[in-house]
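Chains as they are written, first to last, in numbering that gives the first Met the number 0: chain A, 0 to 205; chain B, 0 to 205.
Cβ coordinates follow ideal geometry from the N, Cα and C atoms, glycine included.
Quick caveat: nothing in here was measured; it's all calculated off a predicted structure.
Number of protein chains: 2
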Amino acid sequence: MEAKFVPNIVVGRLPLYLRTLQLMNQEGRRVTSSQELGERLGISAAQIRKDLSQFGEFGKQGTGYSIDYLTDQLRQILHVNKVWDVAVVGIGDVGHALARYQGFSNRGFRIVLLFDNDPQKIGTYVGGFIINNISNLVMMIQEARVQIAMLSVPVEHAQQVTNILIEAGVKSILNYAPINISVPTSVHVQYIDPVLHLQRMTYYLD
Amino acid sequence: MEAKFVPNIVVGRLPLYLRTLQLMNQEGRRVTSSQELGERLGISAAQIRKDLSQFGEFGKQGTGYSIDYLTDQLRQILHVNKVWDVAVVGIGDVGHALARYQGFSNRGFRIVLLFDNDPQKIGTYVGGFIINNISNLVMMIQEARVQIAMLSVPVEHAQQVTNILIEAGVKSILNYAPINISVPTSVHVQYIDPVLHLQRMTYYLD
Numbered sequence: 000m001e002a003k004f005v006p007n008i009v010v011g012r013l014p015l016y017l018r019t020l021q022l023m024n025q026e027g028r029r030v031t032s033s034q035e036l037g038e039r040l041g042i043s044a045a046q047i048r049k050d051l052s053q054f055g056e057f058g059k060q061g062t063g064y065s066i067d068y069l070t071d072q073l074r075q076i077l078h079v080n081k082v083w084d085v086a087v088v089g090i091g092d093v094g095h096a097l098a099r100y101q102g103f104s105n106r107g108f109r110i111v112l113l114f115d116n117d118p119q120k121i122g123t124y125v126g127g128f129i130i131n132n133i134s135n136l137v138m139m140i141q142e143a144r145v146q147i148a149m150l151s152v153p154v155e156h157a158q159q160v161t162n163i164l165i166e167a168g169v170k171s172i173l174n175y176a177p178i179n180i181s182v183p184t185s186v187h188v189q190y191i192d193p194v195l196h197l198q199r200m201t202y203y204l205d
Numbered sequence: 000m001e002a003k004f005v006p007n008i009v010v011g012r013l014p015l016y017l018r019t020l021q022l023m024n025q026e027g028r029r030v031t032s033s034q035e036l037g038e039r040l041g042i043s044a045a046q047i048r049k050d051l052s053q054f055g056e057f058g059k060q061g062t063g064y065s066i067d068y069l070t071d072q073l074r075q076i077l078h079v080n081k082v083w084d085v086a087v088v089g090i091g092d093v094g095h096a097l098a099r100y101q102g103f104s105n106r107g108f109r110i111v112l113l114f115d116n117d118p119q120k121i122g123t124y125v126g127g128f129i130i131n132n133i134s135n136l137v138m139m140i141q142e143a144r145v146q147i148a149m150l151s152v153p154v155e156h157a158q159q160v161t162n163i164l165i166e167a168g169v170k171s172i173l174n175y176a177p178i179n180i181s182v183p184t185s186v187h188v189q190y191i192d193p194v195l196h197l198q199r200m201t202y203y204l205d
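Here it is, written out as structure tokens:
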């Protein structure tokens with residue numbers, strides 16, 4: 000398929016569709032509809048059809064979507080029909096949780112490298128992985144050709160470590176530090192900040 | 000101000016604006032513009048002006064926004080001009096990280112209750128909080144009038160614990176389990192799933 004521009008907000012909904020399809024598959028389901036997907040996700044059926052139509056024709060009017068087929072297509076579109084190696088930098092509480100997180104499997108990612116700067120932690124193991132010295136980050140990430148990092152260092156180190164990750168060739172950073180980081184336009188950043196989600200809900204509370 | 004319907008997607012951007020303003024304030028800044036906010040966030044200045052205009056007039060053409068004033072207004076709109084009590088249910092790696100997370104302070108939230116079902120954990124302390132028996136959850140949450148919970152239990156228990164939280168009167172759930180949970184329409188759910196963010200970035204990687 001010819002690459003065409005798809006708004007980032009549309010791209011952001013595809014992983015939600017994929018997750019829901021994979022859960023339906025686990026439930027033993029074979030076929031779904033934009034209506035059902037929409038109800039599970041709180042997104043209108045029309046929006047889902049419009050989003051998917053940007054990438055091709057995946058279902059037939061009246062018969063719905065084959066869950067297997069649409070899952071495969073979304074995995075291809077999102078490039079998670081292979082497994083990406085991921086580094087975790089900063090093995091405090093969050094990094095520790097990420098190193099042991101069970102939710103990556105079968106979704107396109109695996110942790111391969113952990114880094115910290117604390118001599119007490121370097122050389123110890125978390126979740127089966129050794130914690131490496133952050134001084135070796137550039138070399139080790141380049142050698143392993145890792146393009147994705149999860150950043151779980153304290154706020155005050157986040158930008159400095161980001162710069163090192165970029166020097167090492169990392170192209171995607173998932174930032175857990177509650178601060179915006181500056182990166183070149185060739186690098187993508189996503190943020191995990193629980194407060195953003197909590198504040199979005201307190202809007203509706205009195 | 001008369002309550003009017005604002006799309007959820009607009010509400011979802013307000014915490015981003017607030018976080019950026021609070022960071023600017025920490026940098027000693029006094030005034031900003033929709034252009035500058037937009038550049039920091041990767042959102043168009045026009046979108047930001049349109050979003051804010053749903054709630055009132057916060058800036059003047061040519062002079063921009065007072066950071067203090069707009070911060071106060073956004074805190075009021077999002078109802079985080081007070082501190083909300085939050086319960087954490089499931090004190091595994093993620094719950095442990097949440098109990099010790101430093102990013103809540105001055106943003107409208109504080110952890111007050113921790114729960115788990117593991118007899119080895121119940122009665123021990125994490126981040127200064129005792130881990131309570133999940134059997135006492137309904138009573139303790141009702142007594143403390145907690146309306147917000149962070150759910151960090153294993154996937155297979157997520158729905159069951161959600162049902163208990165709803166029975167206890169919780170109105171907002173931040174779900175860390177990588178599964179969609181069913182709630183009545185009066186309850187709001189947000190999801191934290193790192194894979195959704197990672198997949199959104201691999202779309203742009205080869």
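From the listed residues B:I66, B:I121 and B:A148, the smallest Cα separation to B:L97 is found for B:A148. Our two residues, A:D115 and B:P118, have alpha carbons roughly 32 Å apart in a direct line.
If only complete runs of 3 or more residues are kept, the region 1-77 of chain A shows the beta strand (DSSP E) at 63-65, in order along the chain. Residue environment for B:I129: exposed (fewer than 16 other C-beta atoms within 10 angstroms of its C-beta).
With fewer than 16 other Cβ atoms from the protein chains shown falling within 10 Å of its own Cβ, B:G55 counts as exposed. Comparing C-alpha distances from A:L13 to each of A:T201, A:D50, A:G63 and A:G127 shows the shortest one belongs to A:D50.
Three or more beta-carbon pairs separated by less than 8 Å link the region 93-108 of chain B to the region 86-94 of chain A, which places the two stretches in contact. Bridge partners of A:A96 according to DSSP: none are assigned.
The contact set of B:H156 on chain A, defined by CB atoms closer than 9 Å, is empty, because the minimum CB distance reaches about 13 Å. Contacts between A:K170 and chain B, judged by CB atoms closer than 7 Å, involve L204 in chain order. Flagged as an interface residue toward chain B: A:R39, by a C-beta distance shorter than 7 Å. Looking at the DSSP output, A:D84 shares a beta bridge with A:R109.
Going by DSSP, B:I147 is part of the beta strand (DSSP E) stretching over I147 to L150.
In terms of Cβ geometry, A:V154 and A:I178 form a close pair [threshold 7 Å]. Around the C-beta of B:P183, fewer than 16 other C-beta atoms lie within 10 Å, and the residue is accordingly described as exposed. For B:G11, the nearest CB of chain A lies under 7 Å from its own CB, placing it at the interface with that chain. Taking one beta carbon from each stretch, the region 72-83 of chain B and the region 5-22 of chain B have 3 or more pairs nearer than 8 Å; the two touch. Around the beta carbon of B:I8, fewer than 16 other beta carbons sit within 10 angstroms, so the residue counts as exposed.
Annotated as distal: A:V145 and A:K170, with beta-carbon spacing of 7 Å or more. 7 Å or more divides the Cβ of B:V188 from the Cβ of B:E166. In the assembly as shown, A:A86 is a buried residue. Its beta-carbon has 16 or more other beta-carbons within 10 Å. A direct Cα-Cα distance of roughly 45 Å separates A:D67 from B:L22. Judged by DSSP secondary structure, A:I165 falls within the alpha helix (DSSP H) whose first and last residues are V154 to E166. The three-state reading of DSSP puts B:L204 in coil, since its state is none of H, G, I, E or B.
Look at B:T184: its C-beta is not under 7 Å from any C-beta on chain A. Ranked by Cα distance from B:S151, the first of B:E26, B:L204, B:D192 and B:S181 is B:D192. Of the other Cβ atoms in all chains shown, fewer than 16 fall within 10 Å of the Cβ of B:R109; this residue is therefore exposed. If you draw a 10 Å sphere on the C-beta of B:A176, you find 16 or more other C-beta atoms in it, and that means buried. Distance from the CA atom of A:R106 to the CA atom of A:L69, rounded to whole angstroms, is 15 Å. Using beta-carbon distances, B:F4 does not count as an interface residue toward chain A, since no partner is under 7 Å. At a cut-off of 7 Å between C-beta atoms, B:A96 counts as an interface residue with respect to chain A. Rounded to the nearest whole angstrom, the C-alpha separation of B:R39 and B:V30 is 14 Å. A:N135 carries a helical assignment under DSSP once its states are collapsed to helix, strand and coil.
Under the three-state reduction of DSSP output, B:Q189 falls in the strand class. By the rule that beta-carbons nearer than 7 Å mark a contact, A:Q34 does not touch chain B. According to DSSP, B:F128 shares a beta bridge with B:V125.
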